[in-house]
Amino acid sequence: MRSYTEYLVFNTTKRQEFSNITDQVEAAVIKSGIKEGICLVNAMHITSSVFINDDESGLHKDFALWVEKLAPYGKDKYQHNLTGEDNGDAHLKRTIMGREVVCAITNGKLDFGPWEQIFYGEFDGQRKKRVLVKIIGE
Ligand code: ZN
Numbered sequence: 001m002r003s004y005t006e007y008l009v010f011n012t013t014k015r016q017e018f019s020n021i022t023d024q025v026e027a028a029v030i031k032s033g034i035k036e037g038i039c040l041v042n043a044m045h046i047t048s049s050v051f052i053n054d055d056e057s058g059l060h061k062d063f064a065l066w067v068e069k070l071a072p073y074g075k076d077k078y079q080h081n082l083t084g085e086d087n088g089d090a091h092l093k094r095t096i097m098g099r100e101v102v103c104a105i106t107n108g109k110l111d112f113g114p115w116e117q118i119f120y121g122e123f124d125g126q127r128k129k130r131v132l133v134k135i136i137g138e
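Numbered as in the working numbering, the sequence shown ends at 138 without a single skipped number.
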């Protein structure tokens with residue numbers, strides 16, 4: 001069994017943003033040389049997400065509205081913000097959207113359904129954050 005590790009770095013221009021990172025993960029799979037295995041992609045920060053869904057802009061607006069409805073931004077809305085932070089909403093949004101995805105690698109490629117794409121979801125951005133890509137297999 002072989003393994004390959006890569007850290008992707010993101011620094012979004014907006015506080016909240018969704019980015020399609022499928023090409024970057026695919027590039028890591030190619031670099032790994034692994035033909036059959038598993039690829040883990042996880043956000044390394046507790047206010048950002050990695051998830052799989054459709055690359056459709058209306059859906060992304062729906063996600064943004066949905067998480068804002070569930071956990072609206074606001075300094076005085078969360079116990080967590082009593083620590084002096086203002087990102088209580090971002091922790092909750094990250095939990096809703098998920099920490100990581102695990103993808104199968106078959107014949108050296110991400111073995112996806114027809115519309116599956118990997119996204120980085122940022123909820124407290126405008127600073128450097130990392131995503132871990134760990135590939136195991138042979
Ligand atoms: Zn916080």
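Even glycine gets a Cβ: it sits at the ideal position worked out from N, Cα and C.
Annotation for P72: D89 place their beta carbon closer than 8 Å to its own, counting only its chain and skipping 5 residues before and after. In this structure the segment 48-56 lies against the segment 98-107, because at least three pairs of beta carbons, one per stretch, are closer than 8 Å. Here V131 is buried. Its C-beta has 16 or more other C-beta atoms within 10 Å. Look at F123 here: in three-state DSSP terms it is coil, with no helix or strand label. For T12, there is no enclosing beta strand (DSSP E), as DSSP gives it neither H nor E. Within a 10 Å sphere around the beta-carbon of L70 sit fewer than 16 other beta-carbons, which makes this residue exposed. For L40, the enclosing beta strand (DSSP E) stretches over residues 37-43.
Its chain contains R2, Y4, I105, I135, G137, E138 as the residues whose beta carbon lies nearer than 7 Å to that of I34, once the 5 sequence neighbours on both sides are disregarded; these appear in chain order.
When distances are taken from the beta-carbon of H91 to the heavy atoms of ligand 1, the shortest one is below 7 Å.
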